[in-house]
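A.B. asks: Going line by line, the protein sequences match chains A and B. Per the working numbering, the very first residue in the first sequence carries number 107; after that it's consecutive. Per the working numbering, the very first residue in the second sequence carries number 107; after that it's consecutive. A virtual CB, placed ideally from N, CA and C, is assigned to each residue, including glycine. From a predicted model like this one, the values you see are computed outputs, not experimental measurements.
Number of protein chains: 2
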Amino acid sequence: MKNQQVIIDSLPKGKLTAANYRLAEADVAEPGAGEVLVKTIAFAITAGTRAGLQGSASYAGAPQTGIVMNGTGVGTVIKSNDGSFGAGDSVVGPTGWQAYSIHKAKALTKIPTAHQPVDYLGPLGVNGLTAYFGLLEVGQPKAGETVMVSAAAGSVGHIVGQIAKIKGCRVVGVCGDDAKANVLTSDLGFDVAVNYKDANYRQSLKDATPNGVDVYFDNTGGMILGSALFRMNVGGRIACCGVVSQYDTDSPEPGPKGVPGLLVNKRITMRGFLVFDYAAHYAEAREEIAGWLKSGQLKALTDEVKGLAAAPGAFVDLLAGGNLGTRIVRLDG
Amino acid sequence: MKNQQVIIDSLPKGKLTAANYRLAEADVAEPGAGEVLVKTIAFAITAGTRAGLQGSASYAGAPQTGIVMNGTGVGTVIKSNDGSFGAGDSVVGPTGWQAYSIHKAKALTKIPTAHQPVDYLGPLGVNGLTAYFGLLEVGQPKAGETVMVSAAAGSVGHIVGQIAKIKGCRVVGVCGDDAKANVLTSDLGFDVAVNYKDANYRQSLKDATPNGVDVYFDNTGGMILGSALFRMNVGGRIACCGVVSQYDTDSPEPGPKGVPGLLVNKRITMRGFLVFDYAAHYAEAREEIAGWLKSGQLKALTDEVKGLAAAPGAFVDLLAGGNLGTRIVRLDG
Numbered sequence: 107m108k109n110q111q112v113i114i115d116s117l118p119k120g121k122l123t124a125a126n127y128r129l130a131e132a133d134v135a136e137p138g139a140g141e142v143l144v145k146t147i148a149f150a151i152t153a154g155t156r157a158g159l160q161g162s163a164s165y166a167g168a169p170q171t172g173i174v175m176n177g178t179g180v181g182t183v184i185k186s187n188d189g190s191f192g193a194g195d196s197v198v199g200p201t202g203w204q205a206y207s208i209h210k211a212k213a214l215t216k217i218p219t220a221h222q223p224v225d226y227l228g229p230l231g232v233n234g235l236t237a238y239f240g241l242l243e244v245g246q247p248k249a250g251e252t253v254m255v256s257a258a259a260g261s262v263g264h265i266v267g268q269i270a271k272i273k274g275c276r277v278v279g280v281c282g283d284d285a286k287a288n289v290l291t292s293d294l295g296f297d298v299a300v301n302y303k304d305a306n307y308r309q310s311l312k313d314a315t316p317n318g319v320d321v322y323f324d325n326t327g328g329m330i331l332g333s334a335l336f337r338m339n340v341g342g343r344i345a346c347c348g349v350v351s352q353y354d355t356d357s358p359e360p361g362p363k364g365v366p367g368l369l370v371n372k373r374i375t376m377r378g379f380l381v382f383d384y385a386a387h388y389a390e391a392r393e394e395i396a397g398w399l400k401s402g403q404l405k406a407l408t409d410e411v412k413g414l415a416a417a418p419g420a421f422v423d424l425l426a427g428g429n430l431g432t433r434i435v436r437l438d439g
Numbered sequence: 107m108k109n110q111q112v113i114i115d116s117l118p119k120g121k122l123t124a125a126n127y128r129l130a131e132a133d134v135a136e137p138g139a140g141e142v143l144v145k146t147i148a149f150a151i152t153a154g155t156r157a158g159l160q161g162s163a164s165y166a167g168a169p170q171t172g173i174v175m176n177g178t179g180v181g182t183v184i185k186s187n188d189g190s191f192g193a194g195d196s197v198v199g200p201t202g203w204q205a206y207s208i209h210k211a212k213a214l215t216k217i218p219t220a221h222q223p224v225d226y227l228g229p230l231g232v233n234g235l236t237a238y239f240g241l242l243e244v245g246q247p248k249a250g251e252t253v254m255v256s257a258a259a260g261s262v263g264h265i266v267g268q269i270a271k272i273k274g275c276r277v278v279g280v281c282g283d284d285a286k287a288n289v290l291t292s293d294l295g296f297d298v299a300v301n302y303k304d305a306n307y308r309q310s311l312k313d314a315t316p317n318g319v320d321v322y323f324d325n326t327g328g329m330i331l332g333s334a335l336f337r338m339n340v341g342g343r344i345a346c347c348g349v350v351s352q353y354d355t356d357s358p359e360p361g362p363k364g365v366p367g368l369l370v371n372k373r374i375t376m377r378g379f380l381v382f383d384y385a386a387h388y389a390e391a392r393e394e395i396a397g398w399l400k401s402g403q404l405k406a407l408t409d410e411v412k413g414l415a416a417a418p419g420a421f422v423d424l425l426a427g428g429n430l431g432t433r434i435v436r437l438d439g
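(1) Starting from Phe-149 of chain B, trace the alpha helix (DSSP H) both ways and give me its first and last residue.
(2) Using beta carbons (cut-off 8 angstroms, strictly below), is Pro-118 of chain A in contact with chain B?
(3) Threshold first: 4 residues or longer. Then list the alpha helix (DSSP H) segments lying entirely within the region 258-292 of chain B, N to C.
(4) So, Lys-372 of chain A versus Gly-327 of chain B, is the Cβ gap smaller than 8 angstroms?
(5) Within this structure, are the beta carbons of Val-180 of chain B and Ser-196 of chain B separated by less than 8 angstroms?
(6) Pairing CB atoms from the region 388-401 of chain B with CB atoms from the region 421-432 of chain B, are three or more of them under 8 angstroms?
(7) Where DSSP assigns a beta bridge to Gln-111 of chain A, which residues make up the other side?
(8) So, does the CB of Met-338 of chain A fall closer than 8 angstroms to a CB anywhere in chain B?
(9) The region 217-242 of chain A: which residues have C-beta closer than 8 angstroms to a C-beta of chain B, in chain order?
(10) Would you mind stating whether Tyr-388 of chain A and Glu-243 of chain A have Cβ atoms separated by less than 8 angstroms?
(11) Taking beta-carbon pairs under 7 angstroms, can you tell me which members of the region 365-387 of chain A lie near chain B?
(12) May I ask which residues mark the beginning and end of the beta strand (DSSP E) holding Gly-181 of chain B?
(13) Using beta carbons (cut-off 8 angstroms, strictly below), is Asp-356 of chain A in contact with chain B?
(14) Any beta carbon of chain B sitting closer than 8 angstroms to that of Leu-331 of chain A?
(15) Taking 8 angstroms as the threshold, find out whether the region 337-349 of chain B comes into contact with the region 312-328 of chain B through three or more Cβ pairs.
(16) Given a threshold of 16 other Cβ atoms within 10 Å of its Cβ, counted over all protein chains shown, does Phe-149 of chain B qualify as buried or as exposed?
(17) Give the secondary structure of Ile-217 of chain B by DSSP, where H, G and I count as helix, E and B as strand, and everything else as coil.
(18) Applying the 10 Å Cβ sphere with the 16-neighbour rule, what's the burial state of Ile-173 of chain A?
(19) Would you list, in sequence order, the uninterrupted alpha helix (DSSP H) runs of no fewer than 4 residues that lie entirely inside the region 297-359 of chain B?
(20) Using 8 angstroms as the Cβ pair cut-off and three pairs as the minimum, do the region 213-221 of chain A and the region 409-423 of chain A touch?
(21) Based on Cα-Cα distance, which residue from A:Leu-430, A:Gly-361, A:Cys-275 and A:Phe-239 lies nearest to Val-289 of chain A?
(22) Which stretch, first to last residue, makes up the beta strand (DSSP E) that contains Asp-423 of chain B?
(23) Please report the residue range of the beta strand (DSSP E) in which Ser-196 of chain B lies.
(24) Name the chain B residues that come within less than 7 angstroms of Pro-360 of chain A, Cβ to Cβ?
(25) If you run the structure through DSSP and keep just helix, strand and coil, what is Gly-361 of chain B?
(26) Beta-carbon of Asp-320 of chain A versus every beta-carbon of chain B: anything under 8 angstroms?
(27) Would the beta-carbon of Ser-184 of chain B fall within 8 angstroms of that of Val-232 of chain B?
(28) Out of B:Pro-418, B:Asp-438, B:Val-381 and B:Phe-421, point me to the one whose CA is closest to Val-235 of chain B's CA.
(29) Would you kindly report the start and end of the unbroken beta strand (DSSP E) that includes Ile-434 of chain A?
(30) Throw me the rounded Cβ distance for the Met-376 of chain B and Leu-369 of chain B pair, which I believe falls under 8 angstroms.
(31) Quick one, are the C-beta atoms of Val-277 of chain A and Ala-270 of chain A less than 8 angstroms apart?
(32) Taking the alpha carbon of Ala-416 of chain A as the point to measure from, which residue in A:Cys-275, A:Gln-204 and A:Gly-295 has its own alpha carbon closest?
(33) Which residues in the same chain have their Cβ closer than 6 angstroms to the Cβ of Gln-268 of chain A, if we skip the five residues on either side of it in sequence?
(34) Would you report the Cα separation of Gly-228 of chain B and Leu-241 of chain B, rounded to the nearest angstrom?
(35) Taking the alpha carbon of Met-455 of chain B as the reference point, which residue from B:Val-134, B:Asp-283, B:Gly-245 and B:Glu-141 has its own alpha carbon closest?
(36) Helix, strand or coil, according to DSSP, for Thr-236 of chain A in the structure here?
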């Protein structure tokens with residue numbers, strides 16, 4: 107049995123290109139004691155993994171070449187040497203960009219048969235949980251408040267905005283494309299969506315937030331974070347989730363003006379978080395999110411690509427803002 | 107009866123100079139109904155008031171010329187048209203840089219006869235309360251943790267470090283002068299003090315914080331904030347109190363690198379605060395601080411200057427780091 111893999115061939119200098127990756131074939135090994143062999147159904151491409159290719163070590167570890175590209179995937183158990191999994195189970199875990207992977211049982215989570223496996227890459231997976239905990243626990247929005255979210259049409263952002271609507275907030279999304287902006291307001295219930303690439307972005311944001319911003323969910327850092335700081339209300343909260351504006355480069359910009367001056371003047375709390383810190387509460391969160399999906403209050407946008415060979419290009423395109431919702435690479439046909 | 111005043115004659119372009127001020131003489135008016143006439147004993151010069159002279163409006167309001175320079179002072183009531191004050195009472199309030207001032211009664215706080223009035227410009231005044239609430243409420247230090255404070259020999263910083271020691275923390279002060287550093291460690295009990303002007307500052311800070319930094323009390327912003335971000339531990343707290351590195355200029359720098367990337371990776375909370383938000387708890391805080399002063403656990407450093415004419419130069423010098431502790435201008439001889 108042969109495994110197809112996408113290998114990190116070289117670390118990007120400047121912007122990432124598809125040439126930083128190569129396709130490879132390898133034998134599929136036998137799972138050892140307590141291990142599980144998984145055949146990938148699909149994996150998600152997320153901007154945050156770009157940080158793992160940057161010069162300095164991030165929470166994802168120091169960058170490395172010659173290894174399979176990392177990523178969260180869903181798959182089917184082929185063979186299990188652990189009592190908690192059996193052949194045919196659907197699972198989610200750190201499959202990476204490859205057709206088969208072997209895991210310690212504790213690295214995998216079983217997906218209940220009631221759910222579609224790919225939902226565990228979107229609203230019921232890391233992206234949905236990040237939106238849920240980042241907005242509700244870090245942002246602490248109250249009904250009637252204004253919530254602003256950047257990369258609003260992205261895998262996390264489009265869920266953040268919808269949860270904020272469920273909680274009774276006014277929701278302003280920032281994205282880089284008018285077509286995306288239209289989806290956010292027409293299909294997902296955002297009150298306003300503004301395009302940060304417009305020349306009059308700052309004025310549009312001001313018009314979109316007549317009562318200021320109480321909670322800003324930051325997926326981008328950079329200029330959009332800077333614009334949010336000027337719109338924040340006294341006592342506002344900024345949930346720092348990601349820094350996509352600074353990933354695809356080897357010379358990240360300095361922080362925005364107004365840090366820390368505006369934090370002081372407006373008594374703003376800026377708090378970084380990682381979803382893994384909330385692992386003890388995933389089950390309740392998934393239950394609530396699944397309920398919203400079922401009732402139609404929450405819609406998951408998925409942006410599908412087919413086949414391993416398409417993954418590097420799809421990642422490059424995602425970093426340029428090409429995705430609408432969660433970008434998933436399907437290997438199941 | 108004549109009043110001597112320091113007037114803001116022009117707004118600074120670039121760095122503040124004494125020529126931005128002029129001395130003036132005016133008649134002392136009669137206090138109206140509910141008003142109190144106060145003769146200034148002394149006032150404090152604090153870096154934060156420099157922000158009020160910058161181009162954009164801060165919490166201190168938009169900059170303005172032709173008015174008396176603002177500042178907190180202590181004084182003696184000369185005449186009172188309000189039942190809560192009587193001639194001879196010592197009070198603290200927004201006297202500004204002048205010999206006499208008239209206030210609505212509610213703008214003044216009576217100083218108990220048990221205390222020295224000038225202590226209400228230092229440890230029992232806004233500076234001490236800022237240190238107290240910023241460290242304890244925003245920073246939330248626990249015994250055994252490492253607390254770092256910038257402008258550590260300043261009016262707020264030298265109190266922050268001592269309160270952190272009282273709470274059982276390891277305390278690292280950052281200042282810009284070896285003589286100040288020596289006072290912090292020899293006289294005030296700081297564990298280490300490092301000089302940010304040294305060429306090897308970053309390495310010295312690293313050596314001074316072998317277990318990282320759990321709480322950083324930021325009085326400066328800029329490069330020192332940037333250096334702190336790299337030393338913060340997971341779950342660290344940054345209390346944003348002031349931005350003295352960016353006040354004395356009309357072209358403030360961008361924020362430090364690592365905002366928001368390091369906040370995410372290390373789940374850091376950065377929170378701006380103003381002491382006025384804690385006004386409901388001033389009384390308890392003053393009681394606790396007074397206890398520490400009495401027991402000798404807390405020493406207040408005061409840096410005195412005599413006479414109104416010296417105030418502008420003393421402010422310019424303070425912005426260049428010339429003060430050790432709270433800089434006070436005495437008008438009482």
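C.D. replies: Walking through what the data contain:
(1) Phe-149 of chain B -> not in any alpha helix (DSSP H); beta strand (DSSP E) instead, spanning 141-151.
(2) Not a single CB atom of chain B sits nearer than 8 angstroms to the CB of Pro-118 of chain A.
(3) If only uninterrupted alpha helix (DSSP H) runs of at least 4 residues are considered, those enclosed by the region 258-292 of chain B are 263-272 and 284-292.
(4) Contact: no.
(5) In contact: Val-180 of chain B and Ser-196 of chain B (Cβ atoms closer than 8 angstroms).
(6) No: fewer than three Cβ pairs fall under 8 angstroms.
(7) Gln-111 of chain A is bridged to A:Ala-130 and A:Gln-204.
(8) Met-338 of chain A does not count as touching chain B.
(9) Residues of the region 217-242 of chain A with a Cβ closer than 8 angstroms to any Cβ of chain B: none.
(10) With respect to the 8 angstroms criterion, Tyr-388 of chain A and Glu-243 of chain A are not classified as neighbours on the basis of their beta carbons.
(11) Within the region 365-387 of chain A, the residues whose Cβ lies closer than 7 angstroms to some Cβ of chain B are Val-365, Pro-366, Gly-367, Leu-369, Val-370, Asn-371, Lys-372, Arg-373, Ile-374, Thr-375, Met-376, Arg-377, Gly-378, Phe-379, Leu-380 and Asp-383, listed in chain order.
(12) Where Gly-181 of chain B is concerned, the enclosing beta strand (DSSP E) stretches over 179-186.
(13) By the rule that beta-carbons nearer than 8 angstroms mark a contact, Asp-356 of chain A does not touch chain B.
(14) For Leu-331 of chain A, a Cβ of chain B is located within less than 8 angstroms of the residue's own Cβ.
(15) The region 337-349 of chain B vs the region 312-328 of chain B: in contact.
(16) Flag for Phe-149 of chain B reads buried.
(17) In this structure, DSSP gives Ile-217 of chain B a state outside helix and strand, which the three-state scheme calls coil.
(18) Here Ile-173 of chain A is exposed: its Cβ has fewer than 16 other Cβ atoms, across all protein chains shown, within 10 Å.
(19) When DSSP assignments are scanned along the region 297-359 of chain B, the uninterrupted stretches of alpha helix (DSSP H) that are 4 or more residues long and fall wholly within it turn out to be 307-314 and 328-337.
(20) The region 213-221 of chain A is not in contact with the region 409-423 of chain A.
(21) Per the Cα distances, A:Leu-430.
(22) That residue, Asp-423 of chain B, is in no beta strand (DSSP E); its alpha helix (DSSP H) goes 417-425.
(23) Boundaries of the beta strand (DSSP E) harbouring Ser-196 of chain B: 196-199, taken from the DSSP string.
(24) The answer, in chain order, is Pro-360, Gly-361, Pro-362 and Lys-363.
(25) In this structure, Gly-361 of chain B counts as strand in the three-state DSSP scheme.
(26) Taking Cβ atoms only, chain B never reaches closer than 8 angstroms to Asp-320 of chain A, which makes this a no.
(27) Strictly speaking, residue 184 of chain B in this sequence is Ile, with Ser absent from that position. No, Cβ-Cβ distance for Ile-184 of chain B and Val-232 of chain B is not below 8 angstroms.
(28) Position check: residue 235 of chain B holds Leu in this sequence, whereas Val was assumed. Out of B:Pro-418, B:Asp-438, B:Val-381 and B:Phe-421, the CA that lies nearest to the CA of Leu-235 of chain B is found in B:Val-381.
(29) Where Ile-434 of chain A is concerned, the enclosing beta strand (DSSP E) stretches over 432-436.
(30) Rounded, the Cβ-Cβ distance is 6 angstroms, consistent with contact.
(31) For Val-277 of chain A and Ala-270 of chain A, yes; Cβs fall inside 8 angstroms.
(32) Among A:Cys-275, A:Gln-204 and A:Gly-295, the Cα nearest to that of Ala-416 of chain A belongs to A:Gln-204.
(33) Non-local beta-carbon contacts of Gln-268 of chain A in its own chain, meaning distances under 6 angstroms to residues more than five positions away in sequence, involve Leu-294 and Leu-404 in chain order.
(34) Gly-228 of chain B and Leu-241 of chain B have their C-alpha atoms some 16 angstroms from each other.
(35) Look at the range of chain B in this structure, 107 to 439, and you will see that residue 455 of chain B is not part of it.
(36) Note: Thr-236 of chain A maps to helix in three-state DSSP.
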